């Protein structure tokens, strides 16, 4: 089993979840996160003062799949989480980690 962890833009969450559900992957875990990579944050103006926002909002989507399903899940996440035609800096990252055992509580 493999844990697929995707860090994506919050605005793409609904699209990614729908694509996964339509492909037969209904079980996901979603968490809010803050971070930045090459984007380096952004600048905002509030009441005439300029502020640097270093941490940008992201969403972490996680699901555990069988080894033979990993490529399909990654492909679904990549295609449904891109902004623009080629994707943009800040669209996200996907990580895969081995899962030794899954225990139901």
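Numbering (this note's numbering), first residue to last: 2 to 106. Heads up, the beta-carbon is just placed ideally off N, CA and C, and yes, glycines get one too. Remember, it's a predicted structure, so these values are computed and weren't measured experimentally.
Same chain only: Cβ atoms within 6 Å of residue i, ignoring 5 sequence neighbours per side
i, result
"residue 6", "63 and 96"
"residue 48", "none"
"residue 29", "62 and 64"
CB contact flag (residue i, residue j, <7 Å)
i, j, result
"residue 13", "residue 82", "yes"
"residue 71", "residue 103", "no"
Per DSSP, cross-strand counterpart(s) of residue i
i, result
"residue 52", "45"
"residue 58", "35"
"residue 6", "63 and 96"
Beta-carbon contacts of residue i that lie in its chain and below 8 Å, excluding the five residues immediately before and after
i, result
"residue 38", "90, 91 and 94"
"residue 58", "11, 33, 34 and 35"
"residue 73", "24"
Given residue i as reference, the closest of the options once Cα atoms are compared
i, options, result
"residue 10", "22, 45, 78 and 54", "78"
"residue 31", "74, 25 and 17", "17"
"residue 26", "76, 51 and 105", "76"
Cβ shell of residue i (< 7 Å), same chain only, five flanking positions each side left out
i, result
"residue 99", "3"
"residue 1", "The structure shown does not extend to residue 1, since the chain spans only 2 to 106, so no value can be given for it."
"residue 20", "77 and 81"
8 Å contact criterion, which residue i and residue j should meet: CB distance rounded
i, j, result
"residue 46", "residue 53", "Contact doesn't hold; Cβ gap of about 11 Å is too wide."
Near the ligand PLP: residue i beta-carbon under 6 Å from a heavy atom
i, result
"residue 45", "The ligand content of the structure shown is nil, which means the ligand PLP is not present either."
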